[in-house]
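Participant:
Protein chains: 2
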Amino acid sequence: MLSVSKRGKLMPPSPIRKLVPYAEAAKKRGIKVFHLNIGQPDIETPPQILDAVRHSDFKVLEYSHSAGNESYRKKLVEYYNRVGIHVDINQIIITTGGSEAILFGFMSCLDAGDEVIIPEPFYANYNGFAVAAGVIVKPITSKIETGFALPPIEDFEKAITSKTKAIVICNPNNPTGYLYSKEEMETLKEIIIKHNLYLFADEAYREFCYEGEHFSAMHLTGVDDNVVLMDTISKRYSACGGRIGALVTKNKDVLQSVMKFAQARLSPPGFAQILGEAAVDLPANYFEKTKKEYQLRRDTIVKRLNDIPGVFCPNPGGAFYAMARLPVDDADVFCQWLLENFSYNNKTVMLAPASGFYGTGGLGKNEVRLAYVLNVDSINAAMDCLEKALEEYPGKIISQQTHQQTAL
Amino acid sequence: MLSVSKRGKLMPPSPIRKLVPYAEAAKKRGIKVFHLNIGQPDIETPPQILDAVRHSDFKVLEYSHSAGNESYRKKLVEYYNRVGIHVDINQIIITTGGSEAILFGFMSCLDAGDEVIIPEPFYANYNGFAVAAGVIVKPITSKIETGFALPPIEDFEKAITSKTKAIVICNPNNPTGYLYSKEEMETLKEIIIKHNLYLFADEAYREFCYEGEHFSAMHLTGVDDNVVLMDTISKRYSACGGRIGALVTKNKDVLQSVMKFAQARLSPPGFAQILGEAAVDLPANYFEKTKKEYQLRRDTIVKRLNDIPGVFCPNPGGAFYAMARLPVDDADVFCQWLLENFSYNNKTVMLAPASGFYGTGGLGKNEVRLAYVLNVDSINAAMDCLEKALEEYPGKIISQQTHQQTAL
């Protein structure tokens, strides 16, 4: 019998999408489902940048340069300059989404069997790219009690072996919303220097920081060869479907290697490069407005969550995610129950169980991730549902309330 | 010192792009360069399908389904039906170009160390995807004397080991333009059944056949689980920059595995899915017109080549490539010389040396690939250059002419 590859079997299915059939069934029963489970923003893609595509007037949809259009890379140099990242066009390779930047980074810097340390909970798809590259993810745990701050340096030291080649940091973090401080980034710098590691920095949510400034891995000095930035326009401009990202580094060998992977797949998508290029010319207040909206949503959802007895939600400093601990036996069961067995005024809410974001089995069993990608009214209605649901859910755990008090 | 991965070092640079700096230098000296080196068609992308993108009116550029928009997959079912490939929407996964279809196929079906047999000369980027997947390419040689027909079954048998998991066939072929017959496809079927192998069929050029009908690997009966079709709209509609392809198979396990890779990268590009969907509704005579143009170019270039003393070019049955044997010592040197040291009426021609398309070292040293992606006038002017160049080139080999006679 023909069989698929071992890595094909190992490849994890999307933990966020496994509840989709239950949501679809609920909708068929006439129930409105508030989707707080996925990072698909409802914020409109700026019409100006969609228009840049709509008004394009080329005759042949040609391959672009494998590193992306030079005109786009020139614009990105401007953009990065504005956020204090000083690079030239040859240090930027346009990728098909942030996804391809992660894949190219893993492929170019790591071999099968190499280890990469990632603070957990982490973006679940890192697992997928690790499996594709044969790389082993070594999670070290960040804790809800500290708001998911960087784990202590000793935890890194303990996890580092002769096979460790890199650390991945997502800042601000998906799924926790945690915004790493300058001090934490400097700690990471010490570790990567001491152990000669790459630092892969996923900064997809850079523009959405609510507590203090974003400190990029590219702001660290003296580690130009270690830092590889994995970026995307998906969240920045609500342009997820365009599939445009970038890998940025000052490491010449890495650039040369990534370029070969880029050449093999010929070029990144053409239309969305036009969109990305136009986005750099958006008015300076574009992010202010979007950020204000996200901040309002964050303030709403965090307050509503912490007002529910037994629920604890640390205040996330960035991105558009919040992690909450719920007074339930098993968040996977609870999230399915929300869709299968519950409704309030004919409405329910879809959440992402946190277990899928942990590399260590058994962790996050009573945590969920909430993406605040809906407007404040919908968030309030969704929180009404959650509040009611936690009253009714048969697997509720009462003692959790004391934990919350301690943690706060 | 930090170093890139072994696979990053192993990754081959694009053999087609290595001469680019010499072409750029020639242009700077004021020389017109006819680009017959790359498969970027000059045929206009049908304006109707570009308009479908330009007139799209969504507000948020959202992720699509990881397998691609359902509406697009439904349309593709129609398209495939028209060419006698009967599949349903769940047997189609939209990919980021044909490139990603190849990568997903390799990743899902093959493990590191597995072997895949490919008749050489072959599309050079298979090497890149093989390195990414840790897969070993075992070339078996097809010969210019037979017009690059399928190598005899014994050559396959000799190359098959316990690690062989698949055969890759590109039909019609890039770089040779060879169109495999039904009989040759049936021979492949025998081999994959006997040795329990996957058959990866790259049919990017399906619509461009000039000698007889295209016989798809999906037309083979009784091997539904073995055949994985890797497809793309790039050449079909002159839409290379869109980056839209598809992986099509009836093998449920492969589909399930590929779907996990597809989920990890979230979704294929959004804009070009709209374009691809519109393309299925192009008038029935669209391909006729395009094919007629390519056929005229093929007839022109093949005649012009064979009219040059010492040159031999078999008549390609499909795609838009021709392979020619030149009376030169080293085609790599000759192609560089054309750009660096030669011009005729201030013009020269850029060709792709064939060595980059062979997996076996030393083969193809006096062969080049020509992509007939320019109009007939340009092709004639380019052939004038080539004819003159072969008179002047210091590394010309005279005895080659006798070979040609024998071969014809």
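As you go down the protein sequences, you meet chains A and B in turn.
The opening position of the first sequence corresponds to residue 844 in my numbering, with each subsequent residue numbered one higher.
The opening position of the second sequence corresponds to residue 844 in my numbering, with each subsequent residue numbered one higher.
Even glycine gets a Cβ: it sits at the ideal position worked out from N, Cα and C.
#1: Around the Cβ of residue 972 of chain A, are there at least 16 other Cβ atoms within 10 angstroms (buried) or fewer (exposed)?
#2: Give the single residue among B:1186, B:881, B:1072 whose Cα lies nearest to the Cα of residue 870 of chain B.
#3: Name the chain B residues whose beta carbon is nearer than 7 Å to that of residue 968 of chain A?
#4: Leaving out the 5 sequence neighbours to the left and right, which residues in its chain are closer than 8 Å to residue 850 of chain B when beta-carbon positions are compared?
#5: Assuming residue 1192 of chain B contacts residue 1229 of chain B (C-beta within less than 8 Å), just tell me the rounded distance between them.
#6: Kindly indicate which three-state DSSP category residue 1083 of chain A falls into: helix, strand or coil?
#7: Considering just the uninterrupted stretch of the beta strand (DSSP E) at residue 962 of chain A, what are its terminal residues?
#8: For residue 1092 of chain A, tell me which candidate among A:991, A:951, A:875 has the shortest Cα-Cα distance.
#9: Please list the terminal residues of the continuous beta strand (DSSP E) segment that includes residue 981 of chain A.
#10: Considering only the beta carbon of each residue, do residue 1048 of chain A and residue 1162 of chain A sit closer than 8 Å?
#11: Given that residue 856 of chain A touches chain B, what residues does it touch there, using C-beta distances under 7 Å?
#12: Which same chain residues, not among the five before or five after residue 1133 of chain A, have their C-beta less than 7 Å away from its C-beta?
#13: Within the present structure, is the beta-carbon of residue 1190 of chain B separated from the nearest heavy atom of the ligand NAP by less than 7 Å?
#14: With DSSP as the reference, label residue 1232 of chain B as helix, strand or coil.
#15: Rounded to whole angstroms, what's the CA-CA distance from residue 938 of chain A to residue 1101 of chain A? Just pull it up for me.
#16: Around the C-beta of residue 929 of chain B, are 16 or more other C-beta atoms found within 10 angstroms, so that it is buried, or is it exposed?
#17: Taking only runs that begin and end inside the segment 1150-1227 of chain B, name each unbroken beta strand (DSSP E) of 3 or more residues, in chain order.
#18: Given this structure, state the Cα-to-Cα distance separating residue 1083 of chain A from residue 1111 of chain A, to the nearest angstrom.
#19: What is the rounded straight-line gap between the Cα of residue 1210 of chain A and the Cα of residue 1168 of chain A?
#20: Give me the subset of the segment 1171-1191 of chain B whose CB atoms are less than 8 Å from a CB atom of chain A, sorted by chain position.
#21: Short of 7 Å in beta carbon distance, which residues of its chain neighbour residue 953 of chain B, apart from the five on each side in sequence? Order them along the chain.
#22: Considering only residues of the same chain and omitting the five flanking positions on each side of residue 1170 of chain A, which have a CB-CB separation below 6 Å?
#23: Using alpha carbons as the reference points, say which of A:1095, A:1128, A:906, A:899 lies closest to residue 883 of chain B.
#24: Quick one: residues in its chain with C-beta nearer than 6 Å to the C-beta of residue 1199 of chain B, no 5 flanking neighbours on either side, listed in chain order?
#25: Going straight from the alpha carbon of residue 945 of chain B to that of residue 923 of chain A, what length do you get?
#26: May I ask which residues mark the beginning and end of the alpha helix (DSSP H) holding residue 952 of chain B?
#27: Would you verify that the beta carbon of residue 849 of chain A is, or is not, closer than 8 Å to some beta carbon of chain B?
#28: For residue 919 of chain A, which option in A:1136, A:1178, A:1118, A:1214 has the closest C-alpha, if you only look at C-alpha atoms?
#29: Using the C-alpha atoms, what's the distance from residue 940 of chain B back to residue 1029 of chain B?
#30: CA-CA distance, residue 1204 of chain A and residue 1180 of chain A?
#31: Are residue 877 of chain B and residue 1190 of chain B close, meaning C-beta to C-beta below 8 Å?
#32: Can you pull the chain A residues whose beta carbon is under 9 Å from the beta carbon of residue 1068 of chain B, in chain order?
#33: Who pairs with residue 1256 of chain B in a beta bridge, going by DSSP?
#34: Would you kindly report the start and end of the unbroken alpha helix (DSSP H) that includes residue 999 of chain B?
#35: Please decide whether residue 975 of chain A counts as near chain B, where near means a Cβ-Cβ distance under 8 Å.
#36: Just how far apart, CA to CA, sit residue 917 of chain A and residue 932 of chain A?
Facilitator: With the given structure in hand:
#1: As a working note, residue 972 of chain A is residue 129 in the first sequence. Classification of residue 972 of chain A: buried, given that the 10 Å Cβ count is 16 or more.
#2: For this step, residue 870 of chain B is matched to residue 27 along the second sequence. Minimum Cα distance to residue 870 of chain B is reached at B:1186.
#3: Locating residue 968 of chain A in the first sequence gives position 125, counting from the first residue. By Cβ distance, chain B contributes 1107.
#4: Within the second sequence, residue 850 of chain B is the residue found at index 7, counting from 1. Taken in chain order, the residues that qualify are 974, 975, 977.
#5: What you label residue 1192 of chain B is simply residue 349 of the second sequence in a count that begins at 1. What you label residue 1229 of chain B is simply residue 386 of the second sequence in a count that begins at 1. About 6 Å; that satisfies the 8 Å criterion.
#6: The residue given as residue 1083 of chain A occupies position 240 in the first sequence. Helix, per DSSP.
#7: In the first sequence, the residue the question calls residue 962 of chain A occupies position 119. Taken as a continuous stretch (DSSP letters only), the beta strand (DSSP E) holding residue 962 of chain A covers 958-963.
#8: To locate residue 1092 of chain A, count along the first sequence from 1; it is residue 249. Checking every option, the nearest Cα to that of residue 1092 of chain A belongs to A:951.
#9: In the first sequence, counting from the first residue as 1, residue 981 of chain A sits at position 138. It spans 979-984 - the beta strand (DSSP E) in which residue 981 of chain A sits, taken as one unbroken run.
#10: Along the first sequence, one-based indexing puts residue 1048 of chain A at 205. Along the first sequence, one-based indexing puts residue 1162 of chain A at 319. It is a contact, given that the beta carbons lie within the stated cut-off.
#11: Locating residue 856 of chain A in the first sequence gives position 13, counting from the first residue. Within chain B, the residues near residue 856 of chain A are 1103, 1106.
#12: In the first sequence, residue 1133 of chain A corresponds to position 290, counting from 1. Correct list, in chain order: 886.
#13: Questions concerning the ligand NAP fall outside what the structure shown contains, since it holds no ligand whatsoever.
#14: Indexing the second sequence from 1 puts residue 1232 of chain B at position 389. Three-state result, residue 1232 of chain B: helix.
#15: Here the question's residue 938 of chain A lines up with position 95 in the first sequence. Here the question's residue 1101 of chain A lines up with position 258 in the first sequence. So the alpha carbons of these two residues sit roughly 10 Å apart.
#16: Translated into positions along the second sequence, residue 929 of chain B becomes position 86. Under this definition residue 929 of chain B is an exposed residue.
#17: 1164-1168, 1190-1193, 1210-1214
#18: Indexing the first sequence from 1 puts residue 1083 of chain A at position 240. Indexing the first sequence from 1 puts residue 1111 of chain A at position 268. The alpha-carbon atoms of residue 1083 of chain A and residue 1111 of chain A are separated by roughly 14 Å.
#19: Counting from one through the first sequence, the residue named residue 1210 of chain A turns up at place 367. Counting from one through the first sequence, the residue named residue 1168 of chain A turns up at place 325. Approximately 4 Å, taken between the alpha carbons.
#20: none
#21: For this step, residue 953 of chain B is matched to residue 110 along the second sequence. Excluding sequence neighbours, residue 953 of chain B sits near 959, 976, 978, 1008, 1009.
#22: Here residue 1170 of chain A refers to the residue found at position 327 of the first sequence. Excluding positions up to five away in sequence, the list reads 1153, 1239, 1240, 1243.
#23: Counting from one through the second sequence, the residue named residue 883 of chain B turns up at place 40. Comparing Cα positions, the closest option is A:906.
#24: Start at 1 with the first residue of the second sequence, and residue 1199 of chain B comes out as number 356. For residue 1199 of chain B, where only same-chain residues beyond five positions count, the Cβ hits under 6 Å are 858, 967.
#25: The count along the second sequence starts at 1 and reaches residue 945 of chain B at position 102. The count along the first sequence starts at 1 and reaches residue 923 of chain A at position 80. Going by the C-alpha atoms only, they are around 34 Å apart.
#26: The count along the second sequence starts at 1 and reaches residue 952 of chain B at position 109. Where residue 952 of chain B is concerned, the enclosing alpha helix (DSSP H) stretches over 940-952.
#27: Along the first sequence, one-based indexing puts residue 849 of chain A at 6. By this cut-off, residue 849 of chain A is an interface position.
#28: For the purposes of this step, residue 919 of chain A is taken as the residue at position 76 of the first sequence. Here the closest residue by C-alpha is A:1118.
#29: Here residue 1029 of chain B corresponds to residue number 186 of the second sequence, with the count starting at 1. Here residue 940 of chain B corresponds to residue number 97 of the second sequence, with the count starting at 1. Roughly 28 Å separates the two Cα atoms.
#30: Here residue 1204 of chain A corresponds to residue number 361 of the first sequence, with the count starting at 1. Here residue 1180 of chain A corresponds to residue number 337 of the first sequence, with the count starting at 1. Roughly 22 Å separates the two Cα atoms.
#31: The residue you call residue 877 of chain B lines up with position 34 of the second sequence. The residue you call residue 1190 of chain B lines up with position 347 of the second sequence. Cβ distance < 8 Å, so residue 877 of chain B and residue 1190 of chain B count as in contact.
#32: In the second sequence, counting from the first residue as 1, residue 1068 of chain B sits at position 225. Under the 9 Å cutoff, chain A gives 844, 845.
#33: The structure shown has nothing for residue 1256 of chain B, since chain B only spans 844 to 1251.
#34: In the second sequence, counting from the first residue as 1, residue 999 of chain B sits at position 156. Per DSSP, residue 999 of chain B belongs to the alpha helix (DSSP H) from 996-1002.
#35: To locate residue 975 of chain A, count along the first sequence from 1; it is residue 132. So yes, residue 975 of chain A belongs to the interface.
#36: Taking the first residue of the first sequence as position 1, residue 917 of chain A is located at position 74. Taking the first residue of the first sequence as position 1, residue 932 of chain A is located at position 89. Taking the straight line joining both Cα atoms gives about 6 Å.
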